[in-house]
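Q: The structure is given below, and queries will be raised subsequently.
There are 2 protein chains.
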Amino acid sequence: MTTLKIGTLAVVGVGLIGGSFAAALRRAGGVDRILGAGRRPETLAQAVTLGLIDEAVTLKEAAARADLIFIAAPVGAFEAIFSEIAPHLGAKTIVTDGGSTKRNVIEAARSGLGPRVAQFVPGHPMAGSHEKGPEAADPDLYVGRRVMLTPLVENHPEDVAMVQAVWQQCGANVVCIDSNQHDGVVATVSHLPHWVAALFMEYITGGDDATLKLETAGSGFRDFTRVAQGSPEMWRDIFVANRDAMLAELASLRQVMDRAEHALREHDAAWLEEMLARAAQARADWPGNLK
Amino acid sequence: MTTLKIGTLAVVGVGLIGGSFAAALRRAGGVDRILGAGRRPETLAQAVTLGLIDEAVTLKEAAARADLIFIAAPVGAFEAIFSEIAPHLGAKTIVTDGGSTKRNVIEAARSGLGPRVAQFVPGHPMAGSHEKGPEAADPDLYVGRRVMLTPLVENHPEDVAMVQAVWQQCGANVVCIDSNQHDGVVATVSHLPHWVAALFMEYITGGDDATLKLETAGSGFRDFTRVAQGSPEMWRDIFVANRDAMLAELASLRQVMDRAEHALREHDAAWLEEMLARAAQARADWPGNLK
Numbered sequence: 002m003t004t005l006k007i008g009t010l011a012v013v014g015v016g017l018i019g020g021s022f023a024a025a026l027r028r029a030g031g032v033d034r035i036l037g038a039g040r041r042p043e044t045l046a047q048a049v050t051l052g053l054i055d056e057a058v059t060l061k062e063a064a065a066r067a068d069l070i071f072i073a074a075p076v077g078a079f080e081a082i083f084s085e086i087a088p089h090l091g092a093k094t095i096v097t098d099g100g101s102t103k104r105n106v107i108e109a110a111r112s113g114l115g116p117r118v119a120q121f122v123p124g125h126p127m128a129g130s131h132e133k134g135p136e137a138a139d140p141d142l143y144v145g146r147r148v149m150l151t152p153l154v155e156n157h158p159e160d161v162a163m164v165q166a167v168w169q170q171c172g173a174n175v176v177c178i179d180s181n182q183h184d185g186v187v188a189t190v191s192h193l194p195h196w197v198a199a200l201f202m203e204y205i206t207g208g209d210d211a212t213l214k215l216e217t218a219g220s221g222f223r224d225f226t227r228v229a230q231g232s233p234e235m236w237r238d239i240f241v242a243n244r245d246a247m248l249a250e251l252a253s254l255r256q257v258m259d260r261a262e263h264a265l266r267e268h269d270a271a272w273l274e275e276m277l278a279r280a281a282q283a284r285a286d287w288p289g290n291l292k
Numbered sequence: 002m003t004t005l006k007i008g009t010l011a012v013v014g015v016g017l018i019g020g021s022f023a024a025a026l027r028r029a030g031g032v033d034r035i036l037g038a039g040r041r042p043e044t045l046a047q048a049v050t051l052g053l054i055d056e057a058v059t060l061k062e063a064a065a066r067a068d069l070i071f072i073a074a075p076v077g078a079f080e081a082i083f084s085e086i087a088p089h090l091g092a093k094t095i096v097t098d099g100g101s102t103k104r105n106v107i108e109a110a111r112s113g114l115g116p117r118v119a120q121f122v123p124g125h126p127m128a129g130s131h132e133k134g135p136e137a138a139d140p141d142l143y144v145g146r147r148v149m150l151t152p153l154v155e156n157h158p159e160d161v162a163m164v165q166a167v168w169q170q171c172g173a174n175v176v177c178i179d180s181n182q183h184d185g186v187v188a189t190v191s192h193l194p195h196w197v198a199a200l201f202m203e204y205i206t207g208g209d210d211a212t213l214k215l216e217t218a219g220s221g222f223r224d225f226t227r228v229a230q231g232s233p234e235m236w237r238d239i240f241v242a243n244r245d246a247m248l249a250e251l252a253s254l255r256q257v258m259d260r261a262e263h264a265l266r267e268h269d270a271a272w273l274e275e276m277l278a279r280a281a282q283a284r285a286d287w288p289g290n291l292k
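Protein chains in written order, with my numbering: chain X, 2 to 292; chain E, 2 to 292.
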């Protein structure tokens, strides 16, 4: 196995996701120079101070100088980013991303990059934290984590292989799947839990006895609601971007919840115990427990 | 402050909750001798081997010999336990419990204990784990945790004070509240998360792409679903016992979820961001983060 070495990497958005990508590749010796671009000069300066990036640049400079561009911004900002880099993009530069939804990101790429869309290999690392910003960046964030690539028909196979190899250098395990399937899968395992956890917080804080309830809450509450601390802006974009899949998820979850409520209403303790036993077993058997 | 010392403690149900209570009191030097009763002889034998209890006894013996009886069984079993101990209960013996619901436990106590119900001080420690059995017992389980007592009008204040002092020896912080309020509070902060987490597992495993989804799921899923591993029998009893409060909770949560679904359907990104920001802030401000 030959070691892949990127000359210049540019990271657009140097927070948790982008900063961790930079830190992981630097540690792996997979990159010579790291540029950082983003909205806030102070965040870029912080990323330089932390050693995550070597230099803060504009999007135009990033497009012109980088061999690989990694976009780690809220998905609502992608189309503008693609439009801004398109005219300056090097002929051999590969663009990839860490966006949590893929269909809308691909649409944004087709619209913003135009004929250069073949240079964009869409990706999504299944890793995160409720922590934010460059100081949350961690070279271990992707170790043992799943990364899904959703290649375009226009992509050159060697470019897909390159992006895959880069993620493997970060310690991730990479799979390629269809973008529609991706959006459905993440709607279930990631977006739906966030939606419910946030609304559960909204429900508690807006209801009776909120202070007593929050004081009384224990470790079950703590874990169930942890994800609700995520970035409101990032998650707003995710829900808007993955709206159709989310609405389908909500309708399907409601069916299961209605079935259970019926059992409770009818005093059907046997059904409840069977359901609880299936759920407990499925959770105990979850392959992620081994990680 | 004088140190309370119980002569003989009897624990009915020597699993996580009962075993941890025994272990905490023994470590605090708050007890001379610990008896254990329960359904399964092998579990009692294991508790003796682990040093959680000194002796396995019948319910009748526990009633006759103990100064304090702690019932830590699924709440559906309480009425039978109360009926069995009632005829043998020492005149000065205090009975308390760790049941997760209080109105139905109090009903069971009135029915099973009859005129001796004044000797029963209902309680509920807000601590737990998905682990089960005597080997999961931990003297630190209650340290820093909330314990709610829901005293009866028949209780002698000094008996309530004694139970409170015993929990304080376990490291818990104790509050007294009304049993109706208790059942509403725990329905929100404990039972509802368990219900949703279990049904979310049921939904994933019964739906499309279950294997891919479970493989893809990350740390958000892990935390959100952790409680779903709890004992199916214990949770069945909790949901059945707290049915009215649970049905009210489900109706209220549905209103909040419907409001958010409406916003998503109408592309109301501003409302979604405001809600997500409120939820993130409330979760970040949760007093339990300091524990």
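Beta carbons are placed, not taken as given, at the ideal position from N, Cα and C, and that holds for glycine. Every value quoted in this text rests on a predicted model; they were computed, and no experiment measured them.
Please work out which residues of its chain come closer than 6 Å, Cβ to Cβ, to Ala11 (chain E), disregarding the five sequence neighbours upstream and downstream, and give them in chain order.
A: Working through the second sequence from its first residue, we reach residue 11 (chain E) at position 10. Contacts found: Leu36, Ala63, Ala67 and Ile70.
Q: For Val106 (chain X), I'd like the list of residues in its chain whose CB is within less than 8 Å of its CB, leaving aside the five on either flank, ordered along the chain.
A: Position 105 of the first sequence, counted from the first residue, corresponds to residue 106 (chain X). Once the five neighbours on either side are set aside, the close Cβ partners of Val106 (chain X) are Val76, Phe79, Asp98, Gly100, Pro123 and Ala242.
Q: Taking a cut of 7 Å between CB atoms, which residues from the region 230-244 of chain E lie near chain X?
A: Cβ contacts with chain X come from Gln230, Gly231, Pro233, Glu234, Trp236, Arg237, Phe240, Val241 and Arg244.
Q: Counting only beta-carbon separations shorter than 8 Å, does Gly52 (chain E) have a partner in chain X?
A: Counting from one through the second sequence, the residue named residue 52 (chain E) turns up at place 51. Not one chain X Cβ lies under 8 Å of Gly52 (chain E).
Q: With DSSP as the reference, please indicate the residues paired to Cys177 (chain E) in a beta bridge.
A: What you label residue 177 (chain E) is simply residue 176 of the second sequence in a count that begins at 1. Beta-bridge pairing links Cys177 (chain E) to E:Leu150.
Q: Using a C-beta cutoff of 8 Å, does Met2 (chain X) count as contacting chain E?
A: On the first sequence, position 1 is the one that residue 2 (chain X) refers to. Note on Met2 (chain X): pLDDT 46, under 50, position unreliable in the model; the coordinate value appears next. No, Met2 (chain X) does not count as interfacial toward chain E.
Q: Between Val12 (chain X) and chain E, is any beta-carbon pair separated by less than 8 Å?
A: On the first sequence, position 11 is the one that residue 12 (chain X) refers to. It does not: the Cβ of Val12 (chain X) has no partner Cβ on chain E nearer than 8 Å.
Q: Buried or exposed: which applies to Thr50 (chain X), given that a residue is buried once 16 or more other Cβ atoms fall within 10 Å of its Cβ?
A: As a position in the first sequence, residue 50 (chain X) is number 49, starting the count at 1. When all chains shown are included, Thr50 (chain X) counts as exposed.
Q: Specify the secondary structure class of His125 (chain E) as computed by DSSP and reduced to three states.
A: Counting from 1 along the second sequence, the entry for residue 125 (chain E) is found at position 124. If DSSP states are grouped into helix, strand and coil, His125 (chain E) belongs with the strands.
Q: What number of angstroms, rounded off, separates the C-alpha of Gln230 (chain E) from the C-alpha of Ile18 (chain X)?
A: Within the second sequence, residue 230 (chain E) is the residue found at index 229, counting from 1. Within the first sequence, residue 18 (chain X) is the residue found at index 17, counting from 1. Their Cα atoms are separated by approximately 30 Å.
Q: Any residues in the region 136-163 of chain E with a beta carbon nearer than 9 Å to a beta carbon of chain X? Which ones, in chain order?
A: Per Cβ criterion, the list reads Arg146, Arg147 and Met149.
Q: Find the residues of chain B that neighbour Phe225 (chain X), judging by a C-beta separation of less than 8 Å, and give them in chain order.
A: Structure shown: chain B not included; protein chains present are X and E.
Q: Could you name the residues that DSSP lists as bridge partners for Arg34 (chain E)?
A: Translated into the one-based positions of the second sequence, residue 34 (chain E) becomes position 33. DSSP, once it has assigned bridges, lists E:Thr9 as partnering Arg34 (chain E).
Q: By Cβ distance, which residues of its chain are closer than 7 Å to Leu90 (chain E), with the 5 residues on each side in sequence left out?
A: What you label residue 90 (chain E) is simply residue 89 of the second sequence in a count that begins at 1. So the qualifying residues of the chain are Ala64, Arg117 and Gln120.
Q: Report the CB separation of Ala73 (chain X) from Val58 (chain X) in whole angstroms; it is logged as a contact under 8 Å.
A: Taking the first sequence and counting its residues from 1, one reaches residue 73 (chain X) at position 72. Taking the first sequence and counting its residues from 1, one reaches residue 58 (chain X) at position 57. So it is not a contact: roughly 15 Å between Cβ atoms.
Q: Can you tell me which of the three DSSP states Asp210 (chain X) falls into?
A: Here residue 210 (chain X) refers to the residue found at position 209 of the first sequence. Coil at Asp210 (chain X), not helix or strand.
Q: Using a Cβ-Cβ cutoff of less than 6 Å, which residues in the same chain neighbour Leu273 (chain X) once the five nearest sequence positions on both sides are dropped?
A: The sequence position of residue 273 (chain X) within the first sequence is 272, counting from 1. Hits under 6 Å: Ala264.
Q: Note the first and the last residue of the continuous alpha helix (DSSP H) segment covering Val164 (chain X).
A: Your numbering for residue 164 (chain X) matches position 163 in the first sequence. Pro158 to Gln170 is the span of the alpha helix (DSSP H), which, as asked, contains Val164 (chain X).
Q: Use the C-beta contact count for Met2 (chain E): other C-beta atoms within 10 angstroms, 16 or more gives buried, fewer gives exposed.
A: Looking up residue 2 (chain E) in the second sequence gives position 1. Reliability fails at Met2 (chain E), whose pLDDT of 46 lies under 50, so the model's placement of it is uncertain and the value that follows must be treated cautiously. Answer is exposed; the Cβ neighbour count stays below 16.
Q: Looking only at its own chain, which residues have a Cβ that is under 6 Å from the Cβ of Glu234 (chain E), when we skip the five neighbours before and after it?
A: In the second sequence, residue 234 (chain E) corresponds to position 233, counting from 1. Correct list, in chain order: Pro75.
Q: Helix, strand or coil: how does DSSP classify Ile86 (chain X) here?
A: By 1-based counting over the first sequence, the position of residue 86 (chain X) is 85. Note: Ile86 (chain X) maps to helix in three-state DSSP.
Q: Short of 7 Å Cβ to Cβ, which residues in the region 249-260 of chain X face chain E?
A: Against chain E - using a Cβ distance shorter than 7 Å - the residues of the region 249-260 of chain X are Leu251, Ser253, Leu254, Val257 and Met258.
Q: I'd like the list of long-range same chain contacts for Ile31 (chain E), defined as Cβ closer than 7 Å, with 5 residues on each side in sequence excluded.
A: In the second sequence, counting from the first residue as 1, residue 31 (chain E) sits at position 30. Just to set this straight, residue 31 (chain E) is Gly in the shown sequence, not Ile. Closer than 7 Å at the Cβ level, and outside the excluded window around Gly31 (chain E), lie Leu5, Lys6, Ile7, Val167 and Gln170.
Q: Does Met2 (chain X) come out as helix, strand or coil in the three-state DSSP assignment?
A: As a working note, residue 2 (chain X) is residue 1 in the first sequence. Residue placement at Met2 (chain X) is poorly supported in this model, since its pLDDT is 46, which falls under 50; the coordinates are not used for a value here.
Q: Using a Cβ-Cβ cut-off of 8 Å (strictly less than) and excluding sequence neighbours within five positions of Thr44 (chain X), which residues of its own chain qualify?
A: Residue 44 (chain X) sits at position 43 when you count from the first residue of the first sequence. Result list for Thr44 (chain X): Val15, Gly16, Gly134 and Pro135, in chain order.
Q: Using a beta-carbon distance cut-off of less than 8 Å, what residues from the region 200-215 of chain E approach chain X?
A: Residues passing the 8 Å Cβ filter: Leu200, Phe201, Met202, Glu203, Tyr204, Ile205, Thr206, Gly207, Gly208, Asp209, Asp210, Leu213, Lys214 and Leu215.
Q: Is the separation between the beta-carbon of Arg28 (chain X) and that of Pro140 (chain X) shorter than 8 Å?
A: In the first sequence, the residue the question calls residue 28 (chain X) occupies position 27. In the first sequence, the residue the question calls residue 140 (chain X) occupies position 139. Yes, they are a contact pair.
Q: Assuming Leu254 (chain X) and Leu200 (chain X) are in contact, meaning their beta carbons sit under 8 Å apart, how far apart are those beta carbons, in whole angstroms?
A: Position 253 of the first sequence, counted from the start, is the residue given in the question as residue 254 (chain X). Position 199 of the first sequence, counted from the start, is the residue given in the question as residue 200 (chain X). The Cβ separation is near 12 Å, so there is no contact.
Q: Tell me which residue opens and which closes the alpha helix (DSSP H) that Thr1 (chain E) is part of.
A: Because chain E is modelled from 2 through 292, residue 1 (chain E) falls outside the range shown and cannot be assessed.
Q: By DSSP's criteria, Asp98 (chain E) is part of a beta bridge. Which residues make up the other side?
A: As a working note, residue 98 (chain E) is residue 97 in the second sequence. In the DSSP output, where bridge partners are listed per residue, Asp98 (chain E) has E:Ile72.
Q: Keeping to the same chain, check which residues put their C-beta closer than 8 Å to that of Phe240 (chain X); ignore five residues upstream and five downstream.
A: Residue 240 (chain X) sits at position 239 when you count from the first residue of the first sequence. For Phe240 (chain X), where only same-chain residues beyond five positions count, the Cβ hits under 8 Å are His192, Trp196 and Met247.
Q: Let me confirm a value: Glu267 (chain X) is counted as buried when at least 16 other C-beta atoms fall within 10 Å, else exposed. Which label applies?
A: Residue 267 (chain X) sits at position 266 when you count from the first residue of the first sequence. Burial call: exposed.
Q: Can you tell me where the alpha helix (DSSP H) holding Asp259 (chain X) begins and where it ends?
A: Within the first sequence, the letter at position 258 stands for residue 259 (chain X). Run containing Asp259 (chain X): Arg244 to Arg266, per the alpha helix (DSSP H) assignment.
Q: So, is the C-beta of Ser112 (chain E) closer than 8 Å to a C-beta in chain X?
A: Walking along the second sequence from the start, residue 112 (chain E) turns up at place 111. Closer than 8 Å: no.
Q: Are the C-beta atoms of His263 (chain X) and some chain E residue less than 8 Å apart?
A: In the first sequence, the residue the question calls residue 263 (chain X) occupies position 262. It does not; no Cβ of chain E falls within 8 Å.
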